[in-house]
Every structure is written in structure tokens, then in C-alpha cells.
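Worksheet for the structure shown next.
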Amino acid sequence: MSATPSLAEVVSDAIAAARGGVNVSMPATVLTYDPARQVASVKPSISMRYLDASGVLSPMSIGVVSNLPVLFPSGGGFSLTWDLVPGDQVLLVVCDRSLDEWKLTGAQENVPVDIRRFDFTDSVVVPSIRPITQPLAPDAWATGAAVLKSSDVRLGSSLAADFVALSSKVDAALAAIVNAFNAHTHMLGNTPTLVPSSLLPPAAPTGATSVKAI
Ligand SMILES: [Fe+2]
881 MSATPSLAEV
891 VSDAIAAARG
901 GVNVSMPATV
911 LTYDPARQVA
921 SVKPSISMRY
931 LDASGVLSPM
941 SIGVVSNLPV
951 LFPSGGGFSL
961 TWDLVPGDQV
971 LLVVCDRSLD
981 EWKLTGAQEN
991 VPVDIRRFDF
1001 TDSVVVPSIR
1011 PITQPLAPDA
1021 WATGAAVLKS
1031 SDVRLGSSLA
1041 ADFVALSSKV
1051 DAALAAIVNA
1061 FNAHTHMLGN
1071 TPTLVPSSLL
1081 PPAAPTGATS
1091 VKAI
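Encoded structure:
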């Protein structure tokens, strides 16, 4: 700005200065994650920039932000969660005002003691976001399908411990039973009887029509 700025320059600079203090959202990297509380500590991935005393535009790193709620889909007694590990990339969404009271009370209405606005401290974490150079692996997606990829999928509860049966194995086991029954004979003295007069039909396929698993 010149030594004798115009009104337009002054207004423009004032708007720019005000806008500079408004944080909205930003990618970040997970440093720690507490699965029991579903909160994370993260490091924002994009630096701020500022004009130093000599007028040079310099980078200013944003520090670690801790104790941020992670947005897993949940409600009505339902929930869907997955684990987060250090290095996972997420999106911070900055809330307008202090979340200090809401974090503690969860009340329907809270009056913030701290009047800060658009502060990264009041972010929530959306898992996840990925740079376009680091897409999910090919076995994590398929055109026309919803893919839930994990080496440990638990349905109904985190306490689920019994394994879901696979239809191909169930069908094979049933076919083996049917074949064994239909072929079995008894010994009558030294002579084998005929196979059963009433044979079992092949078992109907047991597979679901739209859900597949490995
Ligand atoms: Fe028999």
C-alpha cells in the first residue's frame, strides 16, 4: 500500500486483514487418536503466511491442535467407526465459536466464555481426505459397488467374535453331506445294500444376492 492510500485501498486492506483471521477448513495429519473418546490431535497441513517487518511474505506453521472430536457417522443407537492411525490425513472443519463448553456438556445450548471466532482450536475432524496423488488402493473401491475394506470387520458390535460363514464353503459342505448320504450303503452280512431309496436333492444355494465377503 502506498504512503498515502486511497479509501479503496484502506477498505481493501481492512477486509483482507479481517478475512485473514477467519479459518474455515483445512487438511491435517493425525498425530494421535484416542478410540475410546473418539478425539484426535492433528497437525494442520497448510501453513499460514504473513508479511514480516521488512515486507516479505513468510510462512507461519500452524501448531498442533488437540482434543478434537472425530465425526464418525452415528445416531439413533447406530454407529460406524474405524481406527485412525498417526499419519492418516483428515479434514478439519472450523466451528464459528468456542466449543469448550459444548465439548464438556453436550448441552443443546451453550454460552461460550471465550469469545474467539474461527479458531483452529474449535475444529472437528472429518476422516478422511486424501491428496489426489495418493488415492485409495484398487481393492478399496469398485465401480457400481459400496466397498467396506478392512482386515477386521465387526457387524453389530465391537464385541462380535464369531465369524460369518461364506456361501461357497457352506454350499460345498452341504453338497458333500448330500453326496455322502445319497451314496451310502449298509452291509447286510457280506453284501452291501443299495443306496437309499429316497435320495436328498441338491441343497439350494445359500449365498446372499448383493452382499459379498472374503
Ligand atoms: Fe442308512
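At position 48 of the sequence shown the residue is numbered 928 (the numbering used here), and the sequence of numbers has no breaks.
For each residue, glycine too, the CB sits at the ideal point set by N, CA and C.
| query | If you draw a straight line from the C-alpha of ARG996 to the C-alpha of GLY956, how long is it? | reply | Looking up residue 996 in the sequence shown gives position 116. Looking up residue 956 in the sequence shown gives position 76. Rounded to whole angstroms, the separation of the alpha carbons of GLY956 and ARG996 is 32 Å.
- Message: One question on the structure: do THR1001 and VAL945 come within less than 9 Å of each other, judged by their Cβ atoms?
- Response: Locating residue 1001 in the sequence shown gives position 121, where the first residue counts as 1. Locating residue 945 in the sequence shown gives position 65, where the first residue counts as 1. In contact: THR1001 and VAL945 (Cβ atoms closer than 9 Å).
Query raised in the report: Measuring from the CB of PRO1072, is there a heavy atom of ligand 1 at a distance below 8 Å?
Result: As a position in the sequence shown, residue 1072 is number 192, starting the count at 1. Incorrect: PRO1072 has no Cβ contact closer than 8 Å to ligand 1.
- Specify the secondary structure class of ARG997 as computed by DSSP and reduced to three states. What you label residue 997 is simply residue 117 of the sequence shown in a count that begins at 1. The answer is strand: DSSP assigns ARG997 an E or B state.
Legend entry - Bridge-paired residues (DSSP) for GLY955: Along the sequence shown, one-based indexing puts residue 955 at 75. Partner(s): PHE958.
What residues sit near ligand 1, counting only those whose C-beta is closer than 7 Å to one of its heavy atoms, in chain order?
-> HIS1064, HIS1066 and PRO1076
*asked:* Residues in the same chain with beta-carbon distance under 6 Å from ASN1104, minus the five sequence neighbours each way, listed in chain order, please.
replied: Because the chain here runs from 881 to 1094, residue 1104 falls outside it and cannot be looked at.
Q.
For VAL919, list the residues DSSP reports as bridge partners.
A. For the purposes of this step, residue 919 is identified with residue 39 of the sequence shown, where counting begins at 1. Looking at the DSSP assignment, VAL919 forms a beta bridge with ASP914 and PRO949.
Quiz item: So what does VAL974 bridge to, in DSSP terms?
Solution: Walking along the sequence shown from the start, residue 974 turns up at place 94. Answer is SER1003, bridged to VAL974.
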